[in-house]
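>
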Amino acid sequence: MNRSLNVRKSLLTLGVALPLLAGAGAALAQTPPAPATSPAAVPAVDPAKVVARVNGIEITEGDLAIAAEDSALQMPNVPDEQKRELLTGYLIDLKLGAKAAEAAKVGSGAEFARKLAYNRDKTLLDEYLDQESKKAVTPEAARKLYDETVKSVPSEQEVRARHILVENEDDAKKAATRVKGGEDFAKVAGELSKDPGSKTDGGDLGFFTKDRMVEPFAEAAFKMEAGQISDPVKSQFGWHVIKVEEKRNKPAPTFEETKDQVETYLARKAQQDLILGLRKNAKVERLDDKGNLVEQKQP
Numbered sequence: 342m343n344r345s346l347n348v349r350k351s352l353l354t355l356g357v358a359l360p361l362l363a364g365a366g367a368a369l370a371q372t373p374p375a376p377a378t379s380p381a382a383v384p385a386v387d388p389a390k391v392v393a394r395v396n397g398i399e400i401t402e403g404d405l406a407i408a409a410e411d412s413a414l415q416m417p418n419v420p421d422e423q424k425r426e427l428l429t430g431y432l433i434d435l436k437l438g439a440k441a442a443e444a445a446k447v448g449s450g451a452e453f454a455r456k457l458a459y460n461r462d463k464t465l466l467d468e469y470l471d472q473e474s475k476k477a478v479t480p481e482a483a484r485k486l487y488d489e490t491v492k493s494v495p496s497e498q499e500v501r502a503r504h505i506l507v508e509n510e511d512d513a514k515k516a517a518t519r520v521k522g523g524e525d526f527a528k529v530a531g532e533l534s535k536d537p538g539s540k541t542d543g544g545d546l547g548f549f550t551k552d553r554m555v556e557p558f559a560e561a562a563f564k565m566e567a568g569q570i571s572d573p574v575k576s577q578f579g580w581h582v583i584k585v586e587e588k589r590n591k592p593a594p595t596f597e598e599t600k601d602q603v604e605t606y607l608a609r610k611a612q613q614d615l616i617l618g619l620r621k622n623a624k625v626e627r628l629d630d631k632g633n634l635v636e637q638k639q640p
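Numbering (the working numbering), first residue to last: 342 to 640.
#1: Just the C-alpha distance for residue 604 and residue 613, rounded to the nearest angstrom, thanks.
#2: Quick check for students: name the residue ranges of the alpha helix (DSSP H) that lie wholly in the region 442-499, counting only runs of 4 or more.
#3: Cβ atoms of residue 482 and residue 607: under 8 Å apart, would you say?
#4: Could you please give the first and the last residue of the uninterrupted beta strand (DSSP E) stretch that includes residue 579?
#5: Does the region 494-509 come close enough to the region 447-463 that 3 or more CB-CB pairs lie under 8 Å?
#6: Given this structure, state the Cα-to-Cα distance separating residue 363 from residue 395, to the nearest angstrom.
#7: Taking the alpha helix (DSSP H) that residue 550 belongs to, which residues open and close that run?
#8: For the beta strand (DSSP E) holding residue 401, just list the boundary residues, first then last.
#9: Using the rule of at least 16 other Cβ atoms within 10 Å of the residue's Cβ for burial, across every protein chain shown, is residue 554 buried or exposed?
#10: So, are the CB atoms of residue 402 and residue 387 less than 8 Å apart?
#11: With distances taken from CA atoms, which of 579, 475, 492, 503 is nearest residue 610?
#12: So, with DSSP's three-state summary, where would you put residue 529?
#13: Exposed or buried, which one is residue 522 when buried takes at least 16 other CB atoms within 10 Å?
#14: Report the option in 570, 458, 491, 447 whose CA atom is closest to the CA atom of residue 504.
#15: Cutting at 6 Å between CB atoms, please list the residues of its own chain near residue 629, excluding the five before and the five after it.
#16: For residue 576, which residues in the same chain have their Cβ closer than 7 Å to its Cβ, ignoring the five residues on either side in sequence?
#17: Going by DSSP, name the residue or residues bridged to residue 634.
#18: My assumption, with CB atoms under 8 Å, is that residue 432 sits in contact with residue 404. Please give the rounded CB distance.
#19: Identify the continuous alpha helix (DSSP H) that holds residue 610 and give its terminal residues.
#20: Would residue 562 and residue 500 be called neighbours here (beta carbons separated by less than 8 Å)?
#21: Look up residue 412 in the DSSP assignment and say whether it is helix, strand or coil.
#22: Hey, quick one: how far does the alpha helix (DSSP H) through residue 535 stretch, first residue to last?
#23: Take residue 551 as the anchor and find which of 536, 565, 515 has the nearest alpha-carbon.
#24: Spatial neighbours of residue 527 within its chain, please: CB distance less than 6 Å, with the 5 preceding and 5 following residues excluded, ordered by chain position.
#25: Which partner residues of residue 576 appear in the DSSP bridge assignment?
#26: By how many angstroms is the C-alpha of residue 531 removed from the C-alpha of residue 472?
#27: Taking a contact to mean a Cβ-Cβ separation below 8 Å, would you say residue 436 touches residue 398 in this structure?
#28: Check this for me: beta carbons of residue 496 and residue 590, under 8 Å apart or not?
#29: How close, in whole Å, do the beta carbons of residue 582 and residue 573 come, if the pair is a contact with beta carbons under 8 Å?
#30: What is the residue span of the beta strand (DSSP E) that residue 392 lies within?
#31: Per DSSP, residue 503 forms a beta bridge with which residues?
#32: How many Å lie between residue 446 and residue 455 at the Cα?
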């Protein structure tokens, strides 16, 4: 997502408070995917390097970089070389069109001046917010937020369990008798269970928190101790025989796993704090259709 779009989203959500630990805690409470392998270092490109000329007007690497950030020009599924060629072609057309528009005196009217002023203000604000958010996203700030959030997030219990799912109570009782009598639970699950998602793994459901399972199943599993096997338990899916393999407190994700989320949060908060601070110190007047002042509400 490009910077301008991020900025606009931030401005549109200023009416919603962002409690620091609550916002970051929600991110840390979810187990994120494994971090991607870091890409190879890309050589720095000289923004002044000329890549094309049109009627003597130069188009540079810096111009390409700016065009690549334009939300209207995003091409996520286009290979880099083809994208570069398309952007260069677009900039050639842009220079030709702009010169033709100048010759036609398109830029001489009041409406054009208003549009130009708007786009200048928007670009200034985008750059300012980007600059200030970069100041806020430091390794020290990210680590501090992570440490504070991890401390504030309450520990949550997890269970690792296996189950055998069958259609009726009689079949569940027979399965329970077999595994309680000493037969290997994984073997019996592979033979009898109707759950296609876990049957091939010997009924293993992995670790889960209580809210991830249907209530009768979760209630039974979380009351049991490691190694215990349940009597038949009925749920909306059928009848279960459950074996608890392990119980533990859910481990917090590592700093490296949440680094991107933490940095994104810090950047957004810095942007919103900046705008709220500017509003707080500004004299803002809104007028109705008759030109009268409208009572102001606190942002």
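Where is the CB? At the ideal position from N, CA and C, for every residue including glycine. Quantities reported herein were computed from a predicted structural model and do not represent experimental measurements.
Well, looking at it:
#1: Taking the first residue of the sequence shown as 1, we reach residue 604 at position 263. Taking the first residue of the sequence shown as 1, we reach residue 613 at position 272. Answer to the nearest angstrom: the Cα atoms are 14 Å apart.
#2: Counting only runs of 4 or more, we get 451-477, 480-493.
#3: As a working mapping, residue 607 is identified with position 266 in the sequence shown. As a working mapping, residue 482 is identified with position 141 in the sequence shown. Against a cut-off of 8 Å, the Cβ pair of residue 482 and residue 607 comes out as a contact.
#4: Against the sequence shown, residue 579 aligns to sequence position 238. Start and end: 579-590.
#5: They do not touch, by the three-pair rule.
#6: On the sequence shown, position 22 is the one that residue 363 refers to. On the sequence shown, position 54 is the one that residue 395 refers to. Because the pLDDT at residue 363 is just 41, under 50, the model does not fix this residue reliably, and the value given afterwards should be weighed accordingly. The alpha-carbon atoms of residue 363 and residue 395 are separated by roughly 53 Å.
#7: Translated into positions along the sequence shown, residue 550 becomes position 209. First-last for residue 550: 545-550, but that is the beta strand (DSSP E), not the alpha helix (DSSP H).
#8: Against the sequence shown, residue 401 aligns to sequence position 60. Run containing residue 401: 398-401, per the beta strand (DSSP E) assignment.
#9: Translated into the one-based positions of the sequence shown, residue 554 becomes position 213. Buried.
#10: Locating residue 402 in the sequence shown gives position 61, counting from the first residue. Locating residue 387 in the sequence shown gives position 46, counting from the first residue. Against a cut-off of 8 Å, the Cβ pair of residue 387 and residue 402 comes out as a contact.
#11: Indexing the sequence shown from 1 puts residue 610 at position 269. By alpha-carbon distance to residue 610, the top candidate from 579, 475, 492, 503 is 475.
#12: Against the sequence shown, residue 529 aligns to sequence position 188. Helix, per DSSP.
#13: Translated into positions along the sequence shown, residue 522 becomes position 181. Exposed: under 16 other Cβ atoms inside 10 Å.
#14: The count along the sequence shown starts at 1 and reaches residue 504 at position 163. Closest by C-alpha distance to residue 504, out of 570, 458, 491, 447, is 570.
#15: Numbered from 1 along the sequence shown, position 288 holds the residue referred to as residue 629. The answer, listed in chain order, is 635.
#16: Numbered from its first residue, the sequence shown carries residue 576 at position 235. If the five residues before and after residue 576 are omitted, its C-beta is found closer than 7 Å to the C-beta atoms of 555, 557, 558, all from its own chain and listed in chain order.
#17: Against the sequence shown, residue 634 aligns to sequence position 293. Answer is 628, bridged to residue 634.
#18: One-based indexing of the sequence shown puts residue 432 at position 91. One-based indexing of the sequence shown puts residue 404 at position 63. Rounded, the Cβ-Cβ distance is 6 Å, consistent with contact.
#19: Stepping through the sequence shown from its first residue, residue 610 is reached at position 269. Note, residue 610: alpha helix (DSSP H), 596-621.
#20: Mapped onto the sequence shown, residue 562 falls at position 221. Mapped onto the sequence shown, residue 500 falls at position 159. Yes, the Cβ-Cβ distance between residue 562 and residue 500 is below 8 Å.
#21: Mapped onto the sequence shown, residue 412 falls at position 71. Here residue 412 carries a helix assignment [DSSP, helix/strand/coil].
#22: Here residue 535 is taken as the residue at index 194 of the sequence shown, counted from 1. Counting along the chain, no alpha helix (DSSP H) covers residue 535, and no H or E run does either.
#23: Translated into the one-based positions of the sequence shown, residue 551 becomes position 210. With distances taken between Cα atoms, residue 551 lies closest to 565.
#24: Looking up residue 527 in the sequence shown gives position 186. Once the five neighbours on either side are set aside, the close Cβ partners of residue 527 are 543.
#25: Counting from one through the sequence shown, the residue named residue 576 turns up at place 235. According to DSSP, residue 576 bridges with 579.
#26: Taking the sequence shown and counting its residues from 1, one reaches residue 472 at position 131. Taking the sequence shown and counting its residues from 1, one reaches residue 531 at position 190. For the pair residue 472 and residue 531, the Cα-to-Cα distance works out to about 58 Å.
#27: What you label residue 436 is simply residue 95 of the sequence shown in a count that begins at 1. What you label residue 398 is simply residue 57 of the sequence shown in a count that begins at 1. Yes, these two residues count as a Cβ contact at 8 Å.
#28: Start at 1 with the first residue of the sequence shown, and residue 496 comes out as number 155. Start at 1 with the first residue of the sequence shown, and residue 590 comes out as number 249. Yes, the Cβ-Cβ distance between residue 496 and residue 590 is below 8 Å.
#29: On the sequence shown, position 241 is the one that residue 582 refers to. On the sequence shown, position 232 is the one that residue 573 refers to. A Cβ-Cβ separation of about 6 Å places residue 582 in contact with residue 573 under the 8 Å criterion.
#30: Residue numbering aside, residue 392 sits at position 51 when the sequence shown is read from its first letter. In the DSSP assignment, residue 392 falls within the unbroken beta strand (DSSP E) covering 391-395.
#31: As a first step, residue 503 is located in the sequence shown; it is residue number 162 there, counting from the start. Its beta-bridge partners are 545, 584.
#32: The residue you call residue 446 lines up with position 105 of the sequence shown. The residue you call residue 455 lines up with position 114 of the sequence shown. Taking the straight line joining both Cα atoms gives about 15 Å.
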